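First comes the structure, then the notes that go with it.
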Amino acid sequence: MEEKVAEKRQRISTLGQIGLQQFAPYLMNRIMGRYNATLRDDFRKQGLTIPQVRTLAVLSVTDGITVNDLSVYTVIEQSTLSRTLDTLERQGLVRREQGVTDSRIRHVFLTDEGRAEFTRAWPAMHDAFEAMFDDIDDAEYSALIATLLKMLKNIRKHDI
1 MEEKVAEKRQ RISTLGQIGL QQFAPYLMNR IMGRYNATLR DDFRKQGLTI
51 PQVRTLAVLS VTDGITVNDL SVYTVIEQST LSRTLDTLER QGLVRREQGV
101 TDSRIRHVFL TDEGRAEFTR AWPAMHDAFE AMFDDIDDAE YSALIATLLK
151 MLKNIRKHDI
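If you want it as structure tokens, here you go:
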């Protein structure tokens, strides 16, 4: 069965043949665009942007990581992340520290104020997450996560 699906995917060569509603990258992008748009107004009231909250979210789980790793986890280009970190640092929400063994490396830490700010942002994120998975049972959710992890493994360029 799996071989036939793979063979069919290889024979289809145009987006028109696949169709937007069957093209997973389109659907994933549309879902995340809608998720971010849902949250944008809530975050704006807090004086935060989507990249800033994404940064705070990652640091709330993996604090003290390098800027390079933070860029991978947040899916934010380094130049944009640098500006984002500048703003968050000015707001007192994060701090950057020089690496102990390599002074070129910077580690990013969430401050107490940053953790509190993320705690205020989390309910809106969780509500949007719950709405996205309404009517999706645990087995479907587990299968989706397993599939997404396989896809990430197939395409990733980093070990994280």
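All residue numbers for the sequence shown refer to UniProt numbering, where the first residue is 1 and numbers rise by one.
A virtual CB, placed ideally from N, CA and C, is assigned to each residue, including glycine.
Quantities reported herein were computed from a predicted structural model and do not represent experimental measurements.
Taking C-beta atoms under 8 Å as the contact rule, T111 and L85 fail to qualify, at a distance of about 12 Å.
Restricting attention to L70, L88, R30 and H158, the CA atom closest to the CA of E113 is found in L88.
In the DSSP assignment, R95 is bridged to F109.
Assignment of I65 by DSSP, reduced to helix, strand and coil, places it in the strand class. Taken atom to atom, the span from the alpha-carbon of M32 to that of V100 is near 37 Å. L15 and P25 have their C-alpha atoms spaced approximately 11 Å apart. Around the beta carbon of P51, a 10 Å sphere encloses 16 or more other beta carbons of the protein chains shown; the residue is thus reported as buried. Residue state for L27 is assigned as helix, using DSSP reduced to three classes. For I50, the secondary structure class from DSSP, reduced to helix, strand or coil, is helix. In the three-state DSSP reduction, T147 falls in the helix class (H, G or I). Bounds of the alpha helix (DSSP H) holding I18 are L15 to I18. The beta-carbon separation of F109 and E97, rounded to 7 Å, stays under the 8 Å limit for a contact. Counting C-beta atoms within 10 angstroms of its own C-beta, R104 has fewer than 16 neighbours from the protein chains shown and is therefore classed as exposed.
Spatial neighbours of R40 in its own chain (CB-CB distance under 7 Å, excluding positions within 5 residues in sequence) are listed in chain order as I50.
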